Ligand code: SF4
Ligand code: ZN
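Residue numbers (my numbering): 1017 to 1313.
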């Protein structure tokens, strides 16, 4: 197999693009996909301050590495969720990554800040682990970005993540989520920071291949609290479709973004935001969902 670009020995084949690349041309392909995502979706420009949410997994570390290589001004944000036997490993990987490259890293330690880790918190507030965790993550991503004067928060969601979440939202006709399913969420309020997903044009296999080529040491283990059965099933279904017709996953997601997204946004309309009485963050009610959750602790 020959590299589609330079004719050298190919290292990876990308059936959906009907292409194969050597390692050097693959790295260029990945950079081009991210640059295209940034430009086409208007995510951010050179000089903007980008807060990269880094869990310690391959996608978020690959994203931080890529943005640095492309010359962007970044800092990492790691949430140490305090999950026994898992969070300390994730934190060590992120800290080692940042230290080796001399990058700024902000860590929010849940046990110090909230008094408990997520593995305790979700039980006490009677939520599922991922619901309590997801709510707290959204809160801290925004709070830290706003306090630190960042222009944008970037997360490592890839094409597989986005396609699986689109399938889940469509199967249950979650119109509110569908309206917000986008690689860019503009800031609707001065204290709500813009959110972007620069890896949405790359598949999970491609981000893993990038991390491997770049020698990135990441956490391979899954979170022990993951309720991922459903999203894994959606990914499996989409992978089967992809095997049958390469490009199916890409077309599903990009077709939605081109055609469906605007329609759902129209249905949902806009919401009025005001300041949370407790923490001051923007919310639709008097007290934000995070503060309401924390009252139950
Ligand atoms: Fe949090 Fe759930 Fe992700 Fe674990 S799997 S880090 S609990 S959202
Ligand atoms: Zn609040």
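Ideal placement from N, C-alpha and C gives every residue a C-beta, glycine not left out. Note that the coordinates shown come from a computational prediction; the quantities given were computed from them, not determined experimentally.
Note to self: Rounding to the nearest angstrom, what Cα-Cα distance links residue 1192 and residue 1175 in this structure?
What the structure shows: The count along the chain shown starts at 1 and reaches residue 1192 at position 176. The count along the chain shown starts at 1 and reaches residue 1175 at position 159. For residue 1192 and residue 1175, the distance between alpha carbons rounds to 20 angstroms.
Next item on the list: Report the option in 1099, 1062, 1033, 1110 whose CA atom is closest to the CA atom of residue 1071.
Entry: For the purposes of this step, residue 1071 is identified with residue 55 of the chain shown, where counting begins at 1. With distances taken between Cα atoms, residue 1071 lies closest to 1110.
Note to self: Does the contact criterion of 3 or more C-beta pairs under 8 angstroms hold for the segment 1196 to 1205 versus the segment 1239 to 1248?
What the structure shows: no
Next item on the list: Report yes if the C-beta distance between residue 1212 and residue 1203 is below 9 angstroms; otherwise report no.
Entry: Position 196 of the chain shown, counting from 1, holds the residue named residue 1212. Position 187 of the chain shown, counting from 1, holds the residue named residue 1203. Their beta carbons are not under 9 angstroms apart, which means residue 1212 does not touch residue 1203 by this criterion.
Item checked: Local conformation of residue 1271 per DSSP, three classes -> Position 255 of the chain shown, counted from the start, is the residue given in the question as residue 1271. Looking at residue 1271 - three-state DSSP - the assignment turns out to be helix.
Check: Can you give the Cα-Cα distance for residue 1251 and residue 1301, rounded to whole angstroms?
Finding: Within the chain shown, residue 1251 is the residue found at index 235, counting from 1. Within the chain shown, residue 1301 is the residue found at index 285, counting from 1. Approximately 35 angstroms between the Cα atoms of the pair.
Check: Does the distance from the CB of residue 1289 to the CB of residue 1162 come in under 9 angstroms?
Finding: Within the chain shown, the letter at position 273 stands for residue 1289. Within the chain shown, the letter at position 146 stands for residue 1162. Not a contact, by the Cβ cut-off of 9 angstroms.
Check: Which word fits residue 1297, buried or exposed, when buried means at least 16 other C-beta atoms lie within 10 angstroms of its C-beta?
Finding: Working through the chain shown from its first residue, we reach residue 1297 at position 281. Classification for residue 1297: buried.
Item checked: One or two residues paired with residue 1079 in a DSSP bridge -> Counting from one through the chain shown, the residue named residue 1079 turns up at place 63. Answer by DSSP bridge pairing: none, since residue 1079 is not bridged.
Note to self: Could you check if residue 1150 belongs to the surroundings of the ligand ZN, using beta carbon to heavy atom distance under 8 angstroms?
What the structure shows: Position 134 of the chain shown, counting from 1, holds the residue named residue 1150. No, Cβ of residue 1150 sits at least 8 angstroms from all heavy atoms of the ligand ZN.
Notebook entry, point to check: With respect to the beta strand (DSSP E) encompassing residue 1192, which residues constitute its N-terminal and C-terminal limits?
Noted result: Your numbering for residue 1192 matches position 176 in the chain shown. Not the beta strand (DSSP E): residue 1192 falls in the alpha helix (DSSP H), residues 1191 to 1196.
Check: Just curious, the alpha helix (DSSP H) that residue 1093 is in, first and last residue?
Finding: In the chain shown, the residue the question calls residue 1093 occupies position 77. Residue 1093 -> not in any alpha helix (DSSP H); beta strand (DSSP E) instead, spanning 1089 to 1096.
Margin query: What I want to know is whether the C-beta of residue 1303 ends up closer than 8 angstroms to one or more non-hydrogen atoms of the ligand ZN.
Written below: Along the chain shown, one-based indexing puts residue 1303 at 287. Flag set: Cβ of residue 1303 near the ligand ZN.
Margin query: How far does the beta strand (DSSP E) with residue 1210 in it extend, from its first residue to its last?
Written below: Counted from its first residue, the chain shown places residue 1210 at position 194. 1210 to 1212 is the span of the beta strand (DSSP E), which, as asked, contains residue 1210.
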